[in-house]
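Read through the structure below, which is laid out as structure tokens, and then see the notes.
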Amino acid sequence: MKQLLFIVLFFTLTDLLAQVEISGTISDVKGNPIPGTNIYFAGTYEGTTSGADGEYLLKTNLTGIQNLIVSYIGYTNFEHEVDLSKVPITIDVLLVEETNEIDGIVITAGSFEASDTKKAVLLTPMDIATTPSAQGDIYGALAALPGTQKVGESGKIFVRGGESYETKTYIDGMMVQSPYFSNMPDVPTRGRFSPLLFSGTIFSTGGYSAEYGQALSSVVALNTNDIETKDKTSISLMTVGVNAAHVECWDNTSLAITGEYINSTFHNLIFKQEVEWFRAPVIADGTLMFRQKIGKNGMLKSFGVYNYNSMRMNYENFELNQMENINLINNNIYLNTTYEDLLSQKWMLESGIAYNFDREDVDIDTTKLVTNKTTQLARIAFTNFTSKNVLLKMGMNFSSFQYGQHIRMEDMYNLTFNNNQFSAFLESEITVSKKIAARVGGRAEFNSLLKEVTFMPRLSAAYKTGSHSQISIAYGIFYQRPEDDYLKINPGLISEKSYHYILNYQYQHNLRTFRIEAYLKEYSNLIKFNDQYSGNPDDYSNSGNGNARGIDLFWRDKRTFKDTDYWISYSFINSKRNYKDYPILATPHFVSAHNLSLVYKRFFTAINTYVGATYSYASGRPYHDPNTQNFMNGKTKSYNDISLGITYLTSVFKKEAILHLMVNNILGFENVYGYRYRSAPDEIGAFESKAIRPPVQRQAVFLISILL
Amino acid sequence: MKNVILSIVISFVFMQAYSTDDQYFKIMASSIDDLDYCKTVEAYLECANKFERIANKEKTEWLPYYYASFAYVNISFLEQDVSKKDPLLDKAQELLDIAFQLAPTESELFVLQSFLYPSRIMVDPMGRGMLYLDKIYESLDKAEELNADNPRIYFLRAINKLNLPESMGGGAEISKPIFKIAEEKFNSFVPATEISPNWGKEANEIELQKLN
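Heads up: the protein sequence lines correspond to chains A and B, in order.
Each residue of the first sequence is one higher than the last, beginning at 1101 in the numbering used here.
Each residue of the second sequence is one higher than the last, beginning at 46 in the numbering used here.
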């Protein structure tokens, strides 16, 4: 029995004797203590948590050599082998901060990204859908960001002294030929695609990646929605039409169908139109979105949109002093199919094909114009992740474009041309250190019509100046083939060219973002002519040039005020061109020196109401007054607009419903976009003028959307 | 005498062999006890650390990952600094994802997933509300599909309805019968093991009392 007691005692004693104490302090590299860290031996239960002062005391029964681990959120794990036979043990640990996506380095020069999935973005798709001045249009929402110009009579987007055609839209990596609805003179248009179709948007105002070509100024890259996971049906009734949508899901497949019919006849009776409509604008469209998961990582996406729009108006052609009966019918089909997959741990494949057909029928009194444009496009790209610090992306694009215009006046004219374009790019993103990243790439393009090969180097880099701030730079050369209206007459023209230089500083922390960007742009090879409607190829040349420089500011704050989000965007620009029929270098009509947007959004939880308001300001725009000696010497008064959006979440017949009211120019500012002058002087030798105004001064749209 | 020593030695050997499992249950049970008394970020963090240590040793058990994740979700709710919530929730999600790999058809994991999402919404209610609300419903439906007797499904569903405005199909009237269902389910609920999830009953009672 004694022996038994001895044995029991012996075991207890050895236990007590074996207990080893390890102590120390856990701190970060700056010496601040870190409380709450997990300190333990790998593969055992033995461990402890550091206290408020970062100190810890770990008692253990383990023996021999053990692996001590210290871990804490946001820090790299510390591992250290400890020999437990050598007491006393003191281990002080310095934990190093991990670089993750939020604090990590991302090249930000020139681009605004909206996404649901990534964290370090400035906008989400919801922001685009809920910006009041946008009225549900993607381009309208982007116009509330810095670097853009307010050009109300167009509705298209103008970036940093560039014309609207210098901004190209890409869907799932492929360029879109006709992203806007066809429009009438001085009646603003809008984008064909609903913002709800896309879960990611990159708006780049310059210096973009070698992946994108054929855009002198800017790129809007849209990514269609991912696979849906929930069946739903919704119907929306608007004061201007109806919309119905249905989503059906299977295990690895989803299909979304949308149909819409918009007719503004009723709307135009309420809101006084400056334009005399013979037939108010009508839009009909249908969208089909199919998604199929293939294997573990593969995704097949198909997307198809059919649009129809038509209108007829009595247009006052002020230059020629005559009334014109203009009828417009536009049909557009857009189809794309993409396939993405991981080929191995190291390679990712993106591929796609796209088709776009656009037909525009315009009748001006007895003149008939039919314009057909067709694009077929194929794309393949590979990304390599072999090295953690070097990401390599390469790809090829082939597109074929056919243009045909048939004009019937007293005589008949047929203007046609085809262009095949082949392009390839190679780009690598290099993380030099935790503080420095660079993107180096190049793009080459061949255009069969222009018989021209162009090379475009692109370079950008970022340097982290603090844990939440960084400086980025970007440089690039950009080429774009001349607009169809010039190529149809003179196919011997060459590509227009621009250079971008960008310097950017960004601070992002705690739901607040500050960003300032300075840029310089040089244009060359711009199209010049003497007479806008000349049918003589020799009248067109590539002798134009221009430049733009400016500063863009952006401030967004989702933190200071409860349930409130606001942003301020301001742009200053100085831009001059000598192109088209300009006699000298002058600021073009679409450039206003100062542009400001204030966007305010607040959710009033108590009354389930979401309120958004936008104030937009643009300083006066230049126009040419033939009554004066100097070219482009006139300046319009400044532009002002306050738009309001109110969304009320409620239920109708026990179904979730949204009531939405949009009002633009709520205070009724009388905006003027420019002036038109008679082409011939009157009796006293003066040219009579007329202001270009919005087709409607103030309007409201109301909609109710029900989730069935 | 030899026999005594032998039997002791054998019993030690046996105990050693048995103890890994026993130790796991013991340390889990005591850690779950600690978790019940957590009130502060510090206390929850200490529990989370404990469960993570257990998870590190018992790499095939989903429960330690589940509780560690649960502790981090609670920390994220207590954390006042909005900018710190997402990293905490990333950690919680990371642990939960491992648990999902170990037990892909466990109803409790979908419940925890639907408990995590509201905290994501609190970071940016306007930007994330719509998106995550759908995900909450989806997770709860999935949890119900896997085990309709799990009372926590109805408790969380009721809480969600309660916090939703009346006009959007929420409010006290709608949520009360769901709390009642949860109460019934809680009363008949028997956890699979001593260390299986068994929280929410008291909170459900408190909510019901508030509504009465």
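A virtual CB, placed ideally from N, CA and C, is assigned to each residue, including glycine.
Name the chain A residues whose beta carbon is nearer than 8 Å to that of residue i?
| i | result |
| --- | --- |
| B/Arg98 | Asn1138, Tyr1140, Thr1144, Tyr1145, Glu1146, Gly1147 |
| B/Asp179 | Lys1330 |
| B/Lys35 | As shown, chain B starts at 46 and ends at 257. That puts residue 35 of chain B outside it, with no answer to give. |
| B/Ile72 | Tyr1145 |
| B/Asn257 | Those do not exist, as B/Asn257 stays about 24 Å from chain A at its closest Cβ, beyond 8 Å. |
| B/Glu183 | Thr1329, Lys1330 |
Who are the neighbours of residue i on chain B, taking C-beta pairs under 8 Å?
| i | result |
| --- | --- |
| A/Asp1237 | Simply none; closest approach about 20 Å. |
| A/Pro1510 | Strictly speaking, residue 1510 of chain A in this sequence is Glu, with Pro absent from that position. Within chain B, no residue comes near A/Glu1510; the closest Cβ sits about 58 Å away, beyond 8 Å. |
Leaving out five residues on either side along the sequence, give the residues of the same chain with a beta carbon under 7 Å from the beta carbon of residue i.
| i | result |
| --- | --- |
| A/Gln1392 | Asn1352, Thr1353, Leu1400 |
| A/Thr1112 | Any reading at A/Thr1112 must be qualified, since the residue scores a pLDDT of 48, below 50, and its modelled position is unreliable; no value is offered. |
| B/Ser152 | Ala188, Leu191, Asn192, Asn195 |
| A/Ser1364 | Val1340, Ala1380, Pro1381 |
| A/Asp1465 | Glu1424, Asn1425 |
| A/Gly1124 | Tyr1156, Thr1190, Ile1191, Asp1192, Val1193 |
Are residue i and residue j closer than 9 Å when you measure CB to CB?
| i | j | result |
| --- | --- | --- |
| A/Gly1452 | A/Ile1433 | no |
| A/Ala1544 | A/Met1556 | yes |
| A/Ser1309 | A/Arg1260 | no |
| A/Ala1562 | A/Ile1573 | yes |
| A/Asn1484 | A/Lys1446 | yes |
| A/Asn1456 | A/Ser1282 | no |
| A/Arg1778 | A/Phe1418 | yes |
| A/Gly1398 | A/Tyr1739 | no |
| A/Tyr1715 | A/Leu1696 | yes |
| B/Glu228 | B/Asn249 | yes |
| A/Val1796 | A/Phe1371 | yes |
| A/Ala1315 | A/Thr1267 | yes |
| A/His1568 | A/Tyr1607 | yes |
Only counting the same chain, and skipping five residues up and downstream in sequence, which positions put a Cβ closer than 8 Å to that of residue i?
| i | result |
| --- | --- |
| A/Glu1552 | Phe1546, Ile1594, Ser1595 |
| B/Gly174 | Ile166 |
| A/Glu1198 | Gly1174, Tyr1175, Thr1176 |
Have a look at the DSSP bridge pairing and note the partners of residue i.
| i | result |
| --- | --- |
| A/Cys1349 | A/Ser1354 |
| A/Lys1401 | A/Arg1391, A/Thr1438 |
| A/Pro1557 | A/Gly1542 |
| A/Glu1450 | A/Glu1440, A/Ala1481 |
| A/His1760 | A/Thr1747, A/Leu1803 |
| A/Phe1498 | A/Ala1478, A/Phe1522 |
| A/Ile1673 | A/Gly1650 |
| B/Met73 | B/Met73 is not bridged to any residue. |
Counting only the same chain and skipping the five closest in sequence on each side, list residues whose C-beta sits under 6 Å from that of residue i.
| i | result |
| --- | --- |
| A/Ala1345 | Ser1334, Thr1358 |
| A/Val1193 | Ile1126, Val1170, Phe1178 |
| B/Tyr117 | Ala93, Leu133, Lys136, Ala137 |
| A/Thr1750 | Ala1757 |
| A/Ser1523 | Gly1313, Asn1497, Glu1545 |
| B/Gly215 | Lys206, Leu209 |
| A/Val1470 | Asp1461, His1506 |
List the residues of chain A that residue i touches, going by C-beta distances under 9 Å, in chain order.
| i | result |
| --- | --- |
| B/Lys187 | The contacting residues do not exist; B/Lys187 stays about 10 Å from chain A at best. |
| B/Asn249 | Simply none; closest approach about 24 Å. |
| B/Asn94 | Gly1136, Thr1137, Asn1138, Ile1139, Tyr1140, Gly1147, Thr1148, Thr1149, Ser1171 |
| B/Glu218 | Chain A residues near B/Glu218: none, gap ~13 Å exceeds 9 Å. |
Could you list which residues in chain B have their beta carbon closer than 9 Å to that of residue i, in chain order?
| i | result |
| --- | --- |
| A/Asp1128 | Near A/Asp1128 there are no residues of chain B at all, since even the closest Cβ is about 15 Å away, more than 9 Å. |
| A/Arg1659 | Val127, Ser128 |
Which bits of chain A does residue i rub up against, with CB to CB less than 7 Å?
| i | result |
| --- | --- |
| B/Glu228 | None at all; the shortest Cβ gap to chain A is about 25 Å. |
| B/Lys37 | The shown model of chain B, from 46 to 257, leaves out residue 37 of chain B, and the question about it has no answer. |
| B/Pro163 | Within 7 Å Cβ-Cβ: nothing; B/Pro163 doesn't reach chain A, min ~14 Å. |
| B/Leu90 | Gly1136, Thr1149 |
| B/Leu133 | Ile1173 |
| B/Asn205 | Those do not exist, as B/Asn205 stays about 14 Å from chain A at its closest Cβ, beyond 7 Å. |
For residue i, verify whether its CB is less than 8 Å away from any heavy atom of the ligand SAH.
| i | result |
| --- | --- |
| B/Ala203 | Absence of the ligand SAH from the depicted structure is noted, as is the absence of any ligand whatsoever, leaving it without description. |
Segment contact flag, the stretch 1685 to 1699 of chain A with the stretch 182 to 197 of chain B, C-beta cutoff 8 Å, min 3 pairs: The stretch 182 to 197 of chain B and the stretch 1685 to 1699 of chain A do not touch, with fewer than three beta-carbon pairs separated by less than 8 Å.
With three or more beta-carbon pairs closer than 8 Å as the criterion, would you say the stretch 1629 to 1647 of chain A touches the stretch 1609 to 1617 of chain A? Because the criterion of three Cβ pairs below 8 Å is not met, the stretch 1629 to 1647 of chain A and the stretch 1609 to 1617 of chain A do not touch.
Determine contact between the stretch 1474 to 1493 of chain A and the stretch 1509 to 1520 of chain A, defined as no fewer than three beta-carbon pairs at a distance below 8 Å. With the cut-off at 8 Å, the stretch 1474 to 1493 of chain A and the stretch 1509 to 1520 of chain A do not touch.
Assess, as a yes-or-no matter, whether the stretch 1235 to 1250 of chain A is touched by the stretch 1291 to 1308 of chain A under the definition of 3 or more beta carbon pairs within less than 8 Å. Yes, they touch.
Segment contact flag, the stretch 1622 to 1630 of chain A with the stretch 1497 to 1508 of chain A, C-beta cutoff 8 Å, min 3 pairs: They do not touch, by the three-pair rule.
Decide if the stretch 225 to 238 of chain B is in contact with the stretch 176 to 187 of chain B; the criterion is three or more beta carbon pairs, one per stretch, under 8 Å apart. No, the stretch 225 to 238 of chain B is not in contact with the stretch 176 to 187 of chain B.
For the stretch 1610 to 1622 of chain A, which residues have a CB atom closer than 9 Å to at least one CB atom of chain E, in sequence order? Among the protein chains of the structure shown, namely A and B, there is no chain E.
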